[in-house]
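What follows is a set of notes on a single structure, which appears directly below.
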Ligand code: AMP
Ligand code: MG
């Protein structure tokens, strides 16, 4: 029952208190007719919130920004960012607000944040609003990532505003209620590093250490250790993206977190047929954020992060640059180590033979690429090859891909040397190769239906993606590759 006189949610505002130079107090725009479109009961539970309250009139009013939450001091956060390589000194929350922070059931501090909550002083030409489709998309893909056990910000709710937003056409408006380990971005540091008051950057860095990478506090050089911890977190994150075929699509420095969570599901998408050059975003003309470029871009972004920290690492610039460069140069190794670990799990290898294994993985990817094999189905079907002891038990596209039989021979020779039981190994592989991903054509179908008022396909898809590794009868539709007769898939940013 929610008929309690205690407030069901109270927030703190530690970021706003500690870094007033990086926030502007602001209020969410009023919603003419708020209506809950989606609510995340599982996440509510983690946060110690009452899911029933979430759906109540009081809950919707509080989360949508219409009724003040006890302890909340809503702010728009300032940040800068390199977008497609070019520097923008002032981005900031142009359509978002940080409501405050709460402590979840596990004692972790989480941000509660709104997206689509109206114009702020950072809005520039934008309307500060968001449409139902993109906000439900962020909800859906975030939950898909959580289901895949990939660090991610998550949606607590999507609230329809009852207002139309004008894009190419008029669309129903919505606000996303987002939960994140924090909203500290590389772009937050880029903004702080250019302020005249050098104390802000130091306070920000120390806040980030305390919140996300507390071990760095005890290091000989805490800010160098912060850089290293963020580099490790990002190496692990981007490796996980590659394991499941995820393309972020807009890895600008303002969309890269200090916590190591995936953030901002705008033009993101999952690969269909494997090709490292895949780009879905309609604005990524040069393919900067193509699937296979993501590790290199992460390192580029970390270099921008390192630049902001130099003065804190050492008063002597040459010394600071030398130390930071060492950390940055180690990034590819950290990435490869994380990537290989996941690839071993995907292919059922137990022993770590370092880069010798990578040759086997690269050979498999070459087969997938040449055979234009669906990434998800190709990997998932490797367990069938083991179970049945024959290469043609693989996914139909993979089974006929040039070079696959030879690769299976190499792979099974390698496995035989380890002597794990094939059934056991196959079962373990199925816990790392998803059966279900958010297939682009089905995402579009679900979002179009939701925009027209039918949330059924969205909810059905959500239920599938929450348990992506567990094959269930009746869900074959979600495993079918994108039909070739559909036009090339395109995604859009900031909509
Ligand atoms: P994004 O591409 O969503 O990461 O956003 C990049 C920047 O554009 C951020 O500063 C956003 O706040 C801002 N922005 C995106 N859409 C809008 C909008 N509709 N109104 C105002 N600002 C926006
Ligand atoms: Mg962003």
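In my numbering, the protein residues as written are 942 to 1436. By construction, the Cβ of each residue, glycine as well, lies at the ideal position given by its N, Cα and C atoms.
With the rule of 3 Cβ pairs closer than 8 Å, the stretch 1156-1173 does not count as touching the stretch 1076-1088. The C-alpha of residue 1162 lies about 12 Å from the C-alpha of residue 1260. Not a single heavy atom of ligand 2 lies less than 7 Å from the C-beta of residue 1242. Judged by DSSP secondary structure, residue 1118 falls within the beta strand (DSSP E) whose first and last residues are 1111-1121. Residue 1150 sits in a helix when the DSSP states are folded into three classes.
The secondary-structure analysis by DSSP pairs residue 953 across a beta bridge with 1042. A Cβ-Cβ separation of about 5 Å places residue 1223 in contact with residue 1431 under the 8 Å criterion.
Judged by their CB atoms, residue 984 and residue 1097 are nearer to each other than the 8 Å cut-off. Residue environment: residue 1174 is assigned as buried (16 or more neighbouring CB atoms within 10 Å of its CB, all protein chains considered).
Here residue 1371 carries a helix assignment [DSSP, helix/strand/coil].
Burial is judged here by how many other beta carbons sit within 10 angstroms of a residue's own beta carbon; residue 1414 has fewer than 16 and is exposed. Remark: the C-beta of residue 1070 is in contact range of ligand 1, defined as less than 7 Å to any heavy atom. With respect to the C-alpha of residue 1103, the residue from 1070, 1109, 1245 having the closest C-alpha is 1070.
For residue 1052, the CB stays at least 7 Å from every heavy atom of ligand 1. Counting along the chain, residue 1173 sits inside no beta strand (DSSP E); it lies in the alpha helix (DSSP H) bounded by residues 1163-1185. The set of residues with any CB-heavy atom separation to ligand 2 below 6 Å comprises, in chain order, 1195, 1196, 1205. In the structure shown, residue 977 adopts extended strand secondary structure according to DSSP, grouped into three states. Note on residue 1025: under 16 other CB atoms within 10 angstroms of its CB, so exposed under the neighbour-count rule. With a cutoff of 8 Å on beta-carbon distance, residue 1182 and residue 1235 are scored as near each other. Uninterrupted alpha helix (DSSP H) stretches at least 4 residues long and entirely within the stretch 955-1041 occur at 955-959, 982-987, 992-995, 998-1004, given in chain order.
With respect to residue 1022, residue 1190 sits apart: the two C-beta atoms are not nearer than 8 Å. Counting the other Cβ atoms within 10 Å of the Cβ of residue 1338 gives 16 or more, which makes it buried. For residue 1052, the three-state secondary structure derived from DSSP is strand. Closest by C-alpha distance to residue 950, out of 989, 1230, 1391, 1015, is 989. In its chain, beyond the 5 residues on either side, 979, 1096, 1099 have a beta carbon closer than 6 Å to the beta carbon of residue 1080. In the structure shown, the three-state DSSP call for residue 1429 is coil. Of the residues 1317, 1346, 1409, the one whose Cα lies closest to the Cα of residue 1332 is 1346.
Excluding sequence positions up to five before and after residue 1383, its CB lies within less than 7 Å of the CB of 1402, 1419, all in the same chain and listed in chain order.
Relative to the non-hydrogen atoms of ligand 1, the Cβ of residue 1013 never comes closer than 7 Å to any of them. For the pair residue 1015 and residue 971, the CB atoms are not nearer than the 8 Å cut-off. When secondary structure is reduced to three states using DSSP, residue 1214 falls in the strand class.
Going by C-alpha positions, residue 1148 is about 17 Å away from residue 1136. Residue 1115 has its CB no nearer than 7 Å to any heavy atom of ligand 1. Using a Cβ distance threshold of 8 Å, residue 965 and residue 1030 do not count as a contacting pair. Under the three-state reduction of DSSP, residue 1251 is assigned to helix.
DSSP, reduced to helix, strand and coil, places residue 1131 within a helical segment of the structure shown.
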